[in-house]
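As structure tokens, the structure follows; a few thoughts come after it.
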Amino acid sequence: KGDFIALSIINENGNKYSLSEILQKTKISASNDLLESLDNNEWLLVAYLQNEVFSKAGVLGFNQAVEFKLGLIAKTNNPDLLRSALNSWEVTMTNDLKNLFNLNVAKATNEAFLDNIYGGADIRYRNFPFADSSIDYAIVNLPRFNLNYFVITNSRESAYSAVDLLQNQ
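Residues in the sequence shown are numbered from 47 upward in steps of one, following this note's numbering.
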């Protein structure tokens, strides 16, 4: 638990799909700005073994069963364009990701995305209804490498772990 597993997504010829192909196959409506701001070839789809689980009453516990959360980590070529594209995408992001992230949209605790900060990274999130079932995304700046990465996951814990993973390189 608490680790990422890289998922290799390849076509019938054994070639890795591009990010735009993955978004198309998962029926995620990505704007041109979103696609242009991300590196189409430098990305990773991950499964995260979740520890943190909330009961129906909202009490934090630690699950004994393995629960996988999904995430995407992608290099961004233009963080400012990406930030703008993400702000626009928030309008449809929940609907676009509800099946992939297995979200119960009716249990959303707020109408819009909220702000959080973890490890110096600005995180936008929306819970369904708690942090173990959410959409969390961030643009993580790595100044010592002069790089930025986009992270989107379906739990707070997996988003925090992705930020830690990137910053501790």
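Just so you know, even glycine gets a beta-carbon here, dropped at the ideal spot from N, CA and C.
Source: prediction; values computed, not measured.
Which residues in the same chain have their Cβ closer than 6 Å to the Cβ of residue i, if we skip the five residues on either side of it in sequence?
i, result
"L50", "Before going further, note that residue 50 is Phe rather than Leu in the sequence given. Hits under 6 Å: V92 and Y94."
"F114", "A93"
By how many angstroms is the C-alpha of residue j removed from the C-alpha of residue i?
i, j, result
"S201", "N162", "13 Å"
"D102", "F147", "Reading the sequence as shown, one finds Lys at residue 102 and not Asp. C-alpha separation (whole angstroms): 18 Å."
"V186", "I56", "26 Å"
"P125", "S134", "14 Å"
"S130", "D168", "14 Å"
"P189", "E98", "30 Å"
Who are the near neighbours of residue i in its chain, counting only those whose CB is closer than 7 Å to its CB and skipping five residues on each side?
i, result
"Y206", "Y164"
"M251", "Residue 251 falls outside the range modelled here, since the chain spans only 47 to 215, and no answer is possible."
Would you give the residue range spanned by the beta strand (DSSP E) that residue i belongs to?
i, result
"T199", "L193 to T199"
"N156", "Note, N156: premise wrong, no beta strand (DSSP E); not H, not E."
"A52", "F50 to L53"
Put residue i into one of helix, strand or coil per three-state DSSP.
i, result
"Q96", "strand"
"K71", "helix"
"L91", "strand"
"L149", "coil"
If you follow the alpha helix (DSSP H) that residue i is in, where does it begin and where does it stop?
i, result
"S180", "Note, S180: premise wrong, no alpha helix (DSSP H); beta strand (DSSP E) at S180 to L188."
"L212", "R202 to Q213"
Could you tell me how far apart the beta carbons of residue i and residue j are, in whole angstroms, since I believe they sit closer than 8 Å?
i, j, result
"L127", "I74", "Not quite, the Cβ-Cβ distance comes to about 18 Å (not below 8 Å), so this is no contact."
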